[in-house]
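As they're listed, the protein sequences go chains A and B.
Going left to right, the first sequence walks through residues 1 to 243 as the working numbering numbers them.
Going left to right, the second sequence walks through residues 244 to 646 as the working numbering numbers them.
Following: one structure in structure tokens, then a few remarks.
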Amino acid sequence: MNGISNSIVEASGLTKRYGSGNTEVMALREVSLNVVQGEVVALLGPSGAGKTTLLTVLGLIRPPDAGKIVIDGTVVFDGCLMVDARKYRRIHLGFVFQKANLIPFLTAAENVQLAMEINDASPHAARRRAMELLDYLGVSDRADYLPAKLSGGQQQRVAVARALANRPSLILADEPTAALDSVRGRQVMELFRNVAHEQRTGVIVVTHDHRALDVFDRALEMEDGMLRTSQSLNEEIRHKKNK
Amino acid sequence: MNLAIKDIRHNLGRFVLTTLGISLLLMVVMGMGGIYRGLVEEATLLVDCLGADLWVVQKDTRGPFAELSHIPRKLEYRVMAVPGVKSADSFISNTIQREYRGNPLRLTIQGLSWPNDRGQTLPIYSGRIIGQAHYEMLADKSSKLKIGDKIPLGKNSYTVVGLTYHMNSPAGDSMAFLTIADAQDVQFDISGEAIRTERAARINRLQSIDLGHIQPQMADRAGGMASGIPALGTSMVSAILVHVEPGYDPAAVASKIVSCWPDVSVYSREGQRELLLRGIERNRRQLGLFRILLILVSGIIMALILYTLTLDKLHDIAMLKLMGARNTVILALIMQQAQLLGILGLITARLLGEWIFPYFPRRVVLLQGDLIQLVLIVLVVSVLASLLGIAKALRVDPGEVLS
Numbered sequence: 001m002n003g004i005s006n007s008i009v010e011a012s013g014l015t016k017r018y019g020s021g022n023t024e025v026m027a028l029r030e031v032s033l034n035v036v037q038g039e040v041v042a043l044l045g046p047s048g049a050g051k052t053t054l055l056t057v058l059g060l061i062r063p064p065d066a067g068k069i070v071i072d073g074t075v076v077f078d079g080c081l082m083v084d085a086r087k088y089r090r091i092h093l094g095f096v097f098q099k100a101n102l103i104p105f106l107t108a109a110e111n112v113q114l115a116m117e118i119n120d121a122s123p124h125a126a127r128r129r130a131m132e133l134l135d136y137l138g139v140s141d142r143a144d145y146l147p148a149k150l151s152g153g154q155q156q157r158v159a160v161a162r163a164l165a166n167r168p169s170l171i172l173a174d175e176p177t178a179a180l181d182s183v184r185g186r187q188v189m190e191l192f193r194n195v196a197h198e199q200r201t202g203v204i205v206v207t208h209d210h211r212a213l214d215v216f217d218r219a220l221e222m223e224d225g226m227l228r229t230s231q232s233l234n235e236e237i238r239h240k241k242n243k
Numbered sequence: 244m245n246l247a248i249k250d251i252r253h254n255l256g257r258f259v260l261t262t263l264g265i266s267l268l269l270m271v272v273m274g275m276g277g278i279y280r281g282l283v284e285e286a287t288l289l290v291d292c293l294g295a296d297l298w299v300v301q302k303d304t305r306g307p308f309a310e311l312s313h314i315p316r317k318l319e320y321r322v323m324a325v326p327g328v329k330s331a332d333s334f335i336s337n338t339i340q341r342e343y344r345g346n347p348l349r350l351t352i353q354g355l356s357w358p359n360d361r362g363q364t365l366p367i368y369s370g371r372i373i374g375q376a377h378y379e380m381l382a383d384k385s386s387k388l389k390i391g392d393k394i395p396l397g398k399n400s401y402t403v404v405g406l407t408y409h410m411n412s413p414a415g416d417s418m419a420f421l422t423i424a425d426a427q428d429v430q431f432d433i434s435g436e437a438i439r440t441e442r443a444a445r446i447n448r449l450q451s452i453d454l455g456h457i458q459p460q461m462a463d464r465a466g467g468m469a470s471g472i473p474a475l476g477t478s479m480v481s482a483i484l485v486h487v488e489p490g491y492d493p494a495a496v497a498s499k500i501v502s503c504w505p506d507v508s509v510y511s512r513e514g515q516r517e518l519l520l521r522g523i524e525r526n527r528r529q530l531g532l533f534r535i536l537l538i539l540v541s542g543i544i545m546a547l548i549l550y551t552l553t554l555d556k557l558h559d560i561a562m563l564k565l566m567g568a569r570n571t572v573i574l575a576l577i578m579q580q581a582q583l584l585g586i587l588g589l590i591t592a593r594l595l596g597e598w599i600f601p602y603f604p605r606r607v608v609l610l611q612g613d614l615i616q617l618v619l620i621v622l623v624v625s626v627l628a629s630l631l632g633i634a635k636a637l638r639v640d641p642g643e644v645l646s
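In structure tokens, the structure reads:
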């Protein structure tokens, strides 16, 4: 089903349980969410609130128990998976995590290339785009280095390049700056904003870092599996942007 | 992008050591097969070298290699009289063990029918064939004897005039070739005291039978050399080697010989080969069993190594899945590594074998057919060995990247 709105993500009634009986945990309770093209959304909340679970559900890594997800006009989940999750992730989604999770035996450029080659891009075209992305992210001089030879910030930039490689509709980032210092963390957040605005990509970032809130267009807060728009956080964003 | 090769390059040291370990196992597998082929070749080499169409041996024996056979040498002349027989040569085979220069020297002595057979059909490595009726010998180079060595056997010494190669008995002993008369001397050599005792006993036996009384002059002969009393003892050989005239059917000639003289058995060349191969059948089965066990052990070790390598990569595999990589990408990563491990292990095993096998006490013969068979087996084992790792990899949850 193709929609005509400019929404990248429309999710409604998302529910996710872990365990059963006495050990049952409601990780998501009737979560609804809407992210538009080019929007960078911060997802905040205490540990165990369900932020990462929401990302795994939206990323089709672990399907929800109930609810509906529409990404870029395509119904991907409506009580059950409506698409080949792995293929969908390959083409439409990009992921960035707290750890860069680069493949250790591939160079920085190869890590980015791989994302495109598994999406059937030719090695030559993949290499060219990988170099463009690394150049855009300021790490082209480290293209032929193995991840172990890169700093944490450089690794995270390569991870961002990899997430962008296939021009995804939606980027999901789980605390991407947690392992970085504030300067480099802010640089990565700004990268997301620039990419989102330039490529009309939706970006959802789980973060605890309030210092870079002004980078985001909007903030959402999660607690006990429930999602809500935080007036205070959005006020803080507006305040920081106007500073 | 070939992930298997990239991963190997990243973990080169571990992969090289693993390959070396697998190659040592495969080298033993290869060696076992080679030893069996060596046994077959050693067992049949002499039969093939001598090229006799028929082997005339003692009645109802499987001689002269699988079983002792004694037939009178004069049978040679009888056989020559059979139509279709081109030549008939006496043949002697017996194994001796002596002390030579402080080391044990074990030789299987073969008697050549001088002057027709001087060893010209044998594979000569260095030196020459036998040039005189007595006191010269050819020895296989595996005996470690050298040209010019004088080997005391019985009451005489024999000079090594030529060295053969790959001439070992089915038991693996080096062969030595003497003229038939010399071989008989060696085979029937007994001490002077034993000769004197035997001669006295012979006179007693003669005097106790009618012959001694009818022909009293025989008593003089009975006390002399055994060869001088054909009625009491005759020159014995192990077999008579028969070459058949072109145009004659060896089977028909064999039937004729057996029908003429019921005191002998006759084997064709193929029959003799079959007897020899039957003799090593148990060895073949034993080596075959060892090979199967070693291949199983190699497979299990490969499976464990590949499983461990896969465990090390589970996080990367989860990441690949999360990025949307197809299962074929992950399968190729593991299976290509398994096949590389197997093939490189095999190549290394072959190279190591080339270097080490010549030092094996038994001859190792590597046939191309056996190697191709081993390549196929290793490829199948590699695929099977990778299944454990593949099963684990396919069960990996992409969500593990988040943990």
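No residue lacks a Cβ here, since even glycine has one placed at the ideal position from N, Cα and C.
No experiment lies behind these values; they were computed from the predicted model shown.
Enclosing beta strand (DSSP E) for residue i [first to last residue]
| i | result |
| --- | --- |
| Glu310 of chain B | It is not in any beta strand (DSSP E) - Glu310 of chain B carries neither H nor E in the DSSP assignment. |
| Lys68 of chain A | Ala66 to Ile71 |
| His92 of chain A | Looking at the DSSP string, His92 of chain A is not in any beta strand (DSSP E); the run it does join, the alpha helix (DSSP H), is Ala85 to His92. |
| Leu77 of chain A | In the sequence as displayed, the identity of residue 77 of chain A is Phe instead of Leu. Segment Thr74 to Asp78, the beta strand (DSSP E) holding Phe77 of chain A. |
| Ser481 of chain B | Counting along the chain, Ser481 of chain B falls outside any beta strand (DSSP E), and DSSP gives it neither H nor E. |
| Thr422 of chain B | Ser417 to Thr422 |
| Gly370 of chain B | Ile367 to Gly370 |
| Thr229 of chain A | Met226 to Thr229 |
| Asp648 of chain B | Nothing can be reported for residue 648 of chain B, as the shown portion of chain B is limited to 244 through 646. |
| Ser541 of chain B | Segment Glu524 to Asp555 is the alpha helix (DSSP H) holding Ser541 of chain B; no beta strand (DSSP E) there. |
| Gln353 of chain B | Asn346 to Leu355 |
For residue i, the first and last residue of its enclosing alpha helix (DSSP H)
| i | result |
| --- | --- |
| Ala178 of chain A | Taken as a continuous stretch (DSSP letters only), Ala178 of chain A belongs to no alpha helix (DSSP H), as it is neither H nor E. |
| Gln580 of chain B | Asn570 to Ile599 |
| Ala212 of chain A | Element bounds for Ala212 of chain A: n/a, residue is neither H nor E. |
| Thr116 of chain A | A small correction: the amino acid at residue 116 of chain A is Met; Thr does not occupy that position in the sequence shown. Where Met116 of chain A is concerned, the enclosing alpha helix (DSSP H) stretches over Ala108 to Glu117. |
| Lys99 of chain A | Lys99 of chain A -> no alpha helix (DSSP H), and no H or E assigned at all. |
| Pro505 of chain B | No alpha helix (DSSP H) contains Pro505 of chain B, which DSSP labels as neither H nor E. |
| Val624 of chain B | Gln611 to Arg638 |
| Ser52 of chain A | The residue you asked about is not Ser; residue 52 of chain A is Thr in the sequence shown. Thr52 of chain A -> alpha helix (DSSP H) spans Lys51 to Leu58. |
| Gly152 of chain A | Gly152 to Leu164 |
Per-residue contacts from residue i into chain B (C-beta, under 9 Å)
| i | result |
| --- | --- |
| Lys87 of chain A | Gly567 and Arg569 |
| Glu110 of chain A | Met244 and Lys249 |
| Thr52 of chain A | Leu645 |
| Arg123 of chain A | Per the sequence presented here, residue 123 of chain A reads as Pro, with Arg not at that position. Ordered by position in chain B, the residues that pass the 9 Å Cβ test against Pro123 of chain A are Met244. |
8 Å Cβ cut-off: residues of chain A touching residue i
| i | result |
| --- | --- |
| His253 of chain B | Pro104, Phe105 and Leu146 |
Chain-ordered chain B contacts of residue i [CB-CB under 7 Å]
| i | result |
| --- | --- |
| Phe95 of chain A | Leu565 |
| Asp114 of chain A | A small fix is needed here, since residue 114 of chain A is Leu in this sequence, not Asp. Within 7 Å Cβ-Cβ: Met244. |
| Arg129 of chain A | The premise fails here: Arg129 of chain A is roughly 14 Å from chain B at the closest Cβ pair, so nothing lies under 7 Å. |
| Thr263 of chain A | Residue coverage of chain A in this structure runs from 1 to 243, which leaves residue 263 of chain A outside it and unanswerable. |
| Arg62 of chain A | Gly642 |
Chain-ordered chain B contacts of residue i [CB-CB under 8 Å]
| i | result |
| --- | --- |
| Leu213 of chain A | Under the 8 Å cutoff, chain B gives no residues; its nearest Cβ is about 23 Å from Leu213 of chain A. |
| Glu117 of chain A | Met244 |
| Arg90 of chain A | Met566, Gly567 and Ala568 |
| Asn6 of chain A | Here the premise fails: no neighbours, minimum Cβ distance about 25 Å. |
Integer-rounded CB distance, given that residue j should sit under 8 Å from residue i
| i | j | result |
| --- | --- | --- |
| Leu365 of chain B | Ala382 of chain B | So it is not a contact: roughly 11 Å between Cβ atoms. |
| Val160 of chain A | Ile71 of chain A | Between Ile71 of chain A and Val160 of chain A the Cβ distance is about 20 Å, and since that is not below 8 Å, they are no contact. |
| Lys499 of chain B | Val325 of chain B | 5 Å |
| Gly202 of chain A | Glu39 of chain A | 6 Å |
| Tyr378 of chain B | Tyr408 of chain B | That belief does not hold up - the Cβ atoms of Tyr378 of chain B and Tyr408 of chain B are roughly 23 Å apart, past 8 Å. |
| Thr107 of chain A | Asp144 of chain A | 5 Å |
| Gly277 of chain B | Phe533 of chain B | About 12 Å separates the two Cβ atoms, so there is no contact after all. |
| Thr422 of chain B | Gly467 of chain B | So it is not a contact: roughly 23 Å between Cβ atoms. |
Open item on the list: Residues of the region 569-580 of chain B in Cβ contact with chain A at a cutoff of 8 Å, in chain order, please.
Closed with: Arg569 and Val572
Task: Contact list for the region 154-174 of chain A against chain B, Cβ threshold 7 Å - done: Asp174
Open item on the list: What are the residues in the region 541-564 of chain B lying within 7 Å of chain A by C-beta distance?
Closed with: Asp559, Met562 and Lys564
- [ ] Decide if the region 511-527 of chain B is in contact with the region 324-339 of chain B; the criterion is three or more beta carbon pairs, one per stretch, under 8 Å apart.
- [x] no
TODO: Give a yes or no on contact between the region 18-36 of chain A and the region 208-226 of chain A, applying the rule of three or more CB pairs nearer than 8 Å.
DONE: yes
Open item on the list: Closer than 8 Å is the cut-off here; do at least three beta carbon pairs connect the region 255-272 of chain B with the region 74-88 of chain A?
Closed with: no
TODO: Report yes or no: do the region 286-297 of chain B and the region 614-627 of chain B share at least 3 C-beta pairs separated by less than 8 Å?
DONE: no
- [ ] May I ask you to verify whether the region 585-595 of chain B touches the region 550-569 of chain B, counting CB pairs closer than 8 Å and requiring at least 3?
- [x] no
Task: At least 3 beta-carbon pairs within less than 8 Å: the region 194-201 of chain A vs the region 122-129 of chain A - done: no
Open item on the list: I want to know whether the region 542-555 of chain B touches the region 619-639 of chain B - three or more CB-CB distances under 8 Å.
Closed with: yes
Open item on the list: Check whether the region 386-404 of chain B and the region 304-315 of chain B touch, using three or more Cβ-Cβ pairs below 8 Å as the test.
Closed with: no
Task: Contacting positions in the region 186-205 of chain A - beta carbon closer than 8 Å to chain B - done: none
TODO: Could you tell me whether the region 202-219 of chain A touches the region 167-177 of chain A, using the rule of 3 or more Cβ pairs below 8 Å?
DONE: yes
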